[in-house]
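Visitor: Taking my numbering, I'd label the letters of the sequence shown as residues 77 to 638.
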Amino acid sequence: MAFVVKKTINGNDYYYLNENKRIDGKIKTKSLAYLGKTKKEADKKAKEIIKEMEKNKEQNLIEKETIIKKEKEKEEVKMDSKKITIEELANFCKAKGFVFRSSDIYGGITGFWDLGPLGVELFNNIKKEWWNFFVREKENMVGLDASIISHPKTWKASGHIANFSDVAVINKKTKQAMKIDKSEVEIFKKENPDWEIQGEFSLMFKTKVGALNAEDAYLRGETAQGMFLDFKLIQQTSRMQLPFGIAQIGTCFRNEIAPRDFLFRSREFHIGEFEFFINPEEKTCDLLDSIHLEVEFNFLDEETQKQGSSTLKKVKMKELIARKKLEEWHAYWLAEQILWLKKMNLTEIKIREHTKEELSHYSSATFDLDYEYPFGSKELGGNANRGQYDLTQHQNESKQSMEIFDEKYKNKIIPKVIEPTIGIERIFLAILTKAYNYNKERDNVILKIPRFLSPIKAAIFPIVKKEEFEKISLEIYNDLKKEWFVTYDKSGSIGRRYARNDEIGTPFCITIDEDSLKNKDVTIRDRDTTSQIRVKISELKETLKKLINEEISFEKAGKLVK
Ligand code: GAP
Numbered sequence: 077m078a079f080v081v082k083k084t085i086n087g088n089d090y091y092y093l094n095e096n097k098r099i100d101g102k103i104k105t106k107s108l109a110y111l112g113k114t115k116k117e118a119d120k121k122a123k124e125i126i127k128e129m130e131k132n133k134e135q136n137l138i139e140k141e142t143i144i145k146k147e148k149e150k151e152e153v154k155m156d157s158k159k160i161t162i163e164e165l166a167n168f169c170k171a172k173g174f175v176f177r178s179s180d181i182y183g184g185i186t187g188f189w190d191l192g193p194l195g196v197e198l199f200n201n202i203k204k205e206w207w208n209f210f211v212r213e214k215e216n217m218v219g220l221d222a223s224i225i226s227h228p229k230t231w232k233a234s235g236h237i238a239n240f241s242d243v244a245v246i247n248k249k250t251k252q253a254m255k256i257d258k259s260e261v262e263i264f265k266k267e268n269p270d271w272e273i274q275g276e277f278s279l280m281f282k283t284k285v286g287a288l289n290a291e292d293a294y295l296r297g298e299t300a301q302g303m304f305l306d307f308k309l310i311q312q313t314s315r316m317q318l319p320f321g322i323a324q325i326g327t328c329f330r331n332e333i334a335p336r337d338f339l340f341r342s343r344e345f346h347i348g349e350f351e352f353f354i355n356p357e358e359k360t361c362d363l364l365d366s367i368h369l370e371v372e373f374n375f376l377d378e379e380t381q382k383q384g385s386s387t388l389k390k391v392k393m394k395e396l397i398a399r400k401k402l403e404e405w406h407a408y409w410l411a412e413q414i415l416w417l418k419k420m421n422l423t424e425i426k427i428r429e430h431t432k433e434e435l436s437h438y439s440s441a442t443f444d445l446d447y448e449y450p451f452g453s454k455e456l457g458g459n460a461n462r463g464q465y466d467l468t469q470h471q472n473e474s475k476q477s478m479e480i481f482d483e484k485y486k487n488k489i490i491p492k493v494i495e496p497t498i499g500i501e502r503i504f505l506a507i508l509t510k511a512y513n514y515n516k517e518r519d520n521v522i523l524k525i526p527r528f529l530s531p532i533k534a535a536i537f538p539i540v541k542k543e544e545f546e547k548i549s550l551e552i553y554n555d556l557k558k559e560w561f562v563t564y565d566k567s568g569s570i571g572r573r574y575a576r577n578d579e580i581g582t583p584f585c586i587t588i589d590e591d592s593l594k595n596k597d598v599t600i601r602d603r604d605t606t607s608q609i610r611v612k613i614s615e616l617k618e619t620l621k622k623l624i625n626e627e628i629s630f631e632k633a634g635k636l637v638k
């Protein structure tokens with residue numbers, strides 16, 4: 077505590093503000109301020125200084141408390157989110173009905189997977205979100221669902237028969253097989269004397285079409301070619317003007333040398349991609365706004381990789397445009413992809429520029445979108461500048477003109493193409509990896525899938541197995557199931573029913589109890605916080621809609637149950 081002291085020097089009085097402090101077990105006096113020569117002046121000044129000191133003390137205390145709270149929260153998050161390995165995730169997905177090995181009763185078949193009842197719901201929700209974001213909500217995009225097998229000349233023209241291959245390598249001791257990129261062979265040989273190069277293997281799946289005079293054909297390795305083949309038909313029938321895009325989500329097949337990491341590298345998978353056609357003269361993108369320019373992300377450029385480093389730099393899209401790393405339309409679509417991933421709650425991403433040596437045969441500039449998986453930072457999707465390559469190749473092979481007349485520039489041209497692509501299984505895997513949380517306090521797994529992606533949106537429980545509760549519960553269930561995938565569960569204790577639903581990511585549990593009979597309301601319980609609110613049955617559907625679409629906070633959606 078501070079106090080006023082008087083010192084008399086050469087007959088003159090001087091007033092000071094002092095403070096006693098215990099330092100190393102001893103009381104020491106420290107002078108804080110000079111207060112003047114009169115008692116009145118000193119008391120006034122001391123009062124002001126002490127008041128200011130109290131204020132600062134309070135502020136410091138608040139700051140200290142905030143820091144402690146934040147540290148505690150961080151600690152709790154750490155405790156909650158146990159990092160799951162890919163093997164554990166595969167086991168979890170099997171146990172809960174998300175993903176099974178294909179033909180499990182025969183021991184499975186490497187590189188093929190089945191989506192179970194919960195998996196197919198999550199998968200469809202991801203596809204729907206992608207489609208809505210990139211097709212429905214855009215004015216310059218149309219959809220397509222092309223056949224998986226196309227004329228075999230497609231793959232000759234596209235360069236896939238000649239170029240779409242990987243190099244197989246085998247460990248001399250363990251006999252483990254692995255694929256490497258063709259551009260990596262020389263360096264791999266130098267750095268890995270224990271591995272043997274087995275040669276180049278095509279990734280294309282060959283099949284036969286027809287019974288009599290069967291002809292060779294291929295299962296598609298990418299959906300892109302369907303968009304190139306139908307480009308003119310779509311432009312004419314949909315009356316699209318450049319620039320415009322054609323989008324598709326579809327199954328692809330690749331005869332991978334070494335399928336691995338659960339769904340990450342399989343032989344049958346789904347791509348969501350679009351080809352965006354632009355007049356080569358169009359250098360500016362009128363849709364590129366400040367949101368795109370200011371998008372910030374971790375970036376690994378070609379120069380850094382060539383120095384043997386993987387140090388990331390935080391950059392904004394506008395900086396990459398200024399550095400001429402990509403053109404405006406390319407930047408626009410890359411930014412849109414980042415914004416979509418953010419919407420999917422996948423923020424742990426980095427953008428990696430392809431080095432000249434690793435560019436696909438059709439690309440002049442490619443950027444990978446990588447995600448931090450439990451087995452490392454790996455590719456989720458990409459964004460390539462395919463230029464005029466594919467349309468020109470198909471024009472040459474088919475002898476059909478791929479040129480269109482552009483009203484804006486009044487010229488007949490083959491458009492150039494920007495291609496954003498994403499692996500749907502890889503998104504599925506990233507969402508599950510991020511969502512998986514083991515909560516120590518609740519001693520249970522909480523699958524924190526974003527509500528709008530969750531397979532089951534709500535579980536409806538009568539508090540006990542009695543007719544009056546069951547009747548209302550079933551009425552609610554029958555009404556809600558017209559809108560969403562919801563379940564009705566009357567077996568086991570309420571706690572057990574909550575836990576079962578937390579584990580599979582159901583965001584809301586709805587309970588019909590004694591009060592529901594009187595007040596015609598229910599409780600909704602939030603998966604992540606276990607908070608509960610009461611909502612009138614007549615308002616339940618509307619409230620759930622807002623909650624699922626994250627338009628309202630849980631606490632504000634009803635009367636909080638204390
Ligand atoms: N049309 C461009 C194209 O196909 P890609 O990088 O070869 O580009 C697109 O493949 C995406 O498909 C990848 O970014 C990845 O997410 C996914 N993908 C590729 N191979 C895969 C595999 N074997 N298993 C699962 N997903 C795969």
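We put the beta carbon where it would ideally sit given N, CA and C, even for glycine.
According to the Cβ coordinates, are ILE354 and VAL218 closer than 8 Å?
Guide: The residue labelled residue 354 in the question sits at position 278 within the sequence shown. The residue labelled residue 218 in the question sits at position 142 within the sequence shown. Not a contact, by the Cβ cut-off of 8 Å.
Visitor: Give me the residue from SER592, LEU363 and ASP337 with the minimum Cα distance to GLU404.
Guide: Numbered from its first residue, the sequence shown carries residue 404 at position 328. Answer by Cα proximity: LEU363.
Visitor: Between the Cα of ILE588 and those of GLY571, ILE536, PHE168 and SER567, spot the shortest distance and give me the residue it belongs to.
Guide: In the sequence shown, counting from the first residue as 1, residue 588 sits at position 512. If we check each option's Cα against that of ILE588, ILE536 comes out closest.
Visitor: Can we count ARG177 as close to ligand 1, meaning its CB is less than 7 Å from some heavy atom?
Guide: Along the sequence shown, read from residue 1 onward, the residue named residue 177 stands at position 101. False, no ligand heavy atom lies under 7 Å from that Cβ.
Visitor: Any heavy atom of ligand 1 closer than 7 Å to the CB of GLY499?
Guide: The residue you call residue 499 lines up with position 423 of the sequence shown. Yes, the Cβ of GLY499 comes within 7 Å of a heavy atom of ligand 1.
Visitor: Quick check on the DSSP output: what are the complete alpha helix (DSSP H) runs of length 4 or more inside the segment 323-390, in order along the chain?
Guide: Whole alpha helix (DSSP H) segments, 4+ residues: 366-369 and 378-382.
Visitor: For the beta strand (DSSP E) holding SER549, just list the boundary residues, first then last.
Guide: Numbered from its first residue, the sequence shown carries residue 549 at position 473. Per DSSP, SER549 belongs to no beta strand (DSSP E); it is in the alpha helix (DSSP H), 543-556.
Visitor: Take every Cβ of the segment 231-246, pair it with every Cβ of the segment 199-219, and state whether three or more of those distances are shorter than 8 Å.
Guide: No, because fewer than three Cβ pairs between the segment 231-246 and the segment 199-219 fall closer than 8 Å, the two stretches do not touch.
Visitor: Which residue's Cα is closest to the Cα of ASP234: PHE264, GLU128 and GLN469?
Guide: In the sequence shown, residue 234 corresponds to position 158, counting from 1. Per the sequence shown, residue 234 should be read as Ser rather than Asp. Comparing Cα-Cα distances from SER234 to each of PHE264, GLU128 and GLN469, the minimum goes to GLN469.
Visitor: Is the CB of PHE345 under 8 Å away from at least one CB in chain B?
Guide: Note that chain B does not occur in the displayed structure, where there is just one protein chain.
Visitor: Among the residues of its own chain, which have a CB less than 6 Å from the CB of ILE639, if the five just before and after it don't count?
Guide: The structure shown does not extend to residue 639, since the chain is modelled only from 77 to 638, so the question has no answer here.
Visitor: Give the DSSP bridge partners of VAL175, in chain order.
Guide: To locate residue 175, count along the sequence shown from 1; it is residue 99. DSSP lists LEU191 as partners of VAL175.
Visitor: Is the beta carbon of LYS612 sitting closer than 8 Å to the one on LEU556?
Guide: The residue you call residue 612 lines up with position 536 of the sequence shown. The residue you call residue 556 lines up with position 480 of the sequence shown. No; because the gap between Cβ atoms is not below 8 Å, this pair is not in contact.
Visitor: Hey, how far is the Cα of LYS635 from the Cα of GLY499?
Guide: On the sequence shown, residue 635 is found 559 positions in, with the first residue counted as 1. On the sequence shown, residue 499 is found 423 positions in, with the first residue counted as 1. Taking the straight line joining both Cα atoms gives about 42 Å.
Visitor: Buried or exposed for MET155, going by 16 or more other Cβ atoms inside 10 Å?
Guide: Numbered from 1 along the sequence shown, position 79 holds the residue referred to as residue 155. Low confidence applies to MET155: its pLDDT is 44, below 50, so where it sits in the model is not reliable, and the reading given next is rough at best. Under this definition MET155 is an exposed residue.
Visitor: What number of angstroms, rounded off, separates the C-alpha of GLU117 from the C-alpha of LEU108?
Guide: Here residue 117 is taken as the residue at index 41 of the sequence shown, counted from 1. Here residue 108 is taken as the residue at index 32 of the sequence shown, counted from 1. C-alpha separation (whole angstroms): 16 Å.
Visitor: Spell out a yes or no on whether the segment 410-419 and the segment 462-481 are touching, meaning 3 or more CB-CB pairs, one atom from each, closer than 8 Å.
Guide: Contact between the segment 410-419 and the segment 462-481 is absent, because fewer than three Cβ pairs lie under 8 Å.
Visitor: Threshold first: 3 residues or longer. Then list the beta strand (DSSP E) segments lying entirely within the segment 192-263, N to C.
Guide: If we require 3 residues or more, the beta strand (DSSP E) runs fully inside the segment 192-263 come out as 217-219, 241-247 and 253-256.
Visitor: Output the distance between the C-alpha atoms of ILE609 and THR509, rounded to the nearest integer angstrom.
Guide: Here residue 609 refers to the residue found at position 533 of the sequence shown. Here residue 509 refers to the residue found at position 433 of the sequence shown. Using only the alpha carbons, I get a separation of about 29 Å.
Visitor: Between the alpha carbons of PHE320 and PHE304, how many angstroms are there, rounded?
Guide: For the purposes of this step, residue 320 is taken as residue 244 along the sequence shown, with counting starting at 1. For the purposes of this step, residue 304 is taken as residue 228 along the sequence shown, with counting starting at 1. Those two C-alpha atoms are separated by around 13 Å.
Visitor: Within a Cβ cutoff of 8 Å, which residues of the same chain sit near ASP597, ignoring the five residues on either side of it in sequence?
Guide: As a first step, residue 597 is located in the sequence shown; it is residue number 521 there, counting from the start. Correct list, in chain order: ASP591, ARG610, VAL611, LYS612 and ILE613.
Visitor: Considering only the beta carbon of each residue, do SER241 and PHE264 sit closer than 8 Å?
Guide: Within the sequence shown, numbered from 1, the residue matching residue 241 stands at position 165. Within the sequence shown, numbered from 1, the residue matching residue 264 stands at position 188. It is not a contact, given that the beta carbons lie outside the stated cut-off.
Visitor: Quick one: grab the DSSP three-state call for GLN608.
Guide: As a working note, residue 608 is residue 532 in the sequence shown. In this structure, GLN608 counts as strand in the three-state DSSP scheme.
Visitor: Just curious, the alpha helix (DSSP H) that GLU412 is in, first and last residue?
Guide: Along the sequence shown, one-based indexing puts residue 412 at 336. Per DSSP, GLU412 belongs to the alpha helix (DSSP H) from 404-419.
Visitor: Just verifying my parser: in three-state terms, what is the DSSP assignment at TYR465?
Guide: Counted from its first residue, the sequence shown places residue 465 at position 389. Three-state DSSP puts TYR465 in a helix.
Visitor: Write down the C-beta distance between LEU376 and ARG428 rounded to the nearest angstrom, noting that I regard them as a contact closer than 8 Å.
Guide: Position 300 of the sequence shown, counted from the first residue, corresponds to residue 376. Position 352 of the sequence shown, counted from the first residue, corresponds to residue 428. Their Cβ separation, rounded to whole angstroms, is 4 Å, which keeps LEU376 and ARG428 in contact under 8 Å.
Visitor: If you drop the 5 nearest sequence neighbours on each side, which residues of the same chain put their C-beta closer than 8 Å to that of SER179?
Guide: Position 103 of the sequence shown, counted from the start, is the residue given in the question as residue 179. Same-chain partners within the cutoff: ILE185 and PHE188.
Visitor: By DSSP, does ASN625 sit in helix, in strand, or in coil?
Guide: In the sequence shown, the residue the question calls residue 625 occupies position 549. Looking at ASN625 - three-state DSSP - the assignment turns out to be coil, as it is neither helix nor strand.
Visitor: Which residues in the same chain as ASP190 place their Cβ atom closer than 6 Å to its Cβ, once the five residues preceding and following it in sequence are excluded?
Guide: Numbered from its first residue, the sequence shown carries residue 190 at position 114. Answer for ASP190: PHE176 and SER178, listed in chain order.
Visitor: Closer than 7 Å by C-beta to LEU93: which residues in its own chain qualify, once you throw out the five before and the five after it? Chain order, please.
Guide: Against the sequence shown, residue 93 aligns to sequence position 17. The answer, listed in chain order, is ALA78, VAL80, LEU108, ALA109, LEU111, ALA122 and ILE125.
Visitor: Whose C-beta lies closer than 7 Å to the C-beta of ILE103 among residues of the same chain, with five residues either side of it excluded?
Guide: The residue labelled residue 103 in the question sits at position 27 within the sequence shown. The answer, listed in chain order, is ASN96.
Visitor: Taking all protein chains shown into account, decide if ALA633 is buried (16 or more other Cβ within 10 angstroms of its Cβ) or exposed.
Guide: To locate residue 633, count along the sequence shown from 1; it is residue 557. That one is buried.
Visitor: If you run the structure through DSSP and keep just helix, strand and coil, what is GLU267?
Guide: Sequence index remark: in the sequence shown, residue 267 carries index 191 (1-based). Helix.
Visitor: Decide if the segment 290-305 is in contact with the segment 322-338; the criterion is three or more beta carbon pairs, one per stretch, under 8 Å apart.
Guide: They touch, by the three-pair rule.
Visitor: Can you tell me whether ALA238 is buried or exposed? The criterion is at least 16 other CB atoms within 10 Å of its CB, across all chains shown.
Guide: Numbered from 1 along the sequence shown, position 162 holds the residue referred to as residue 238. Per the 10 Å Cβ criterion, exposed.
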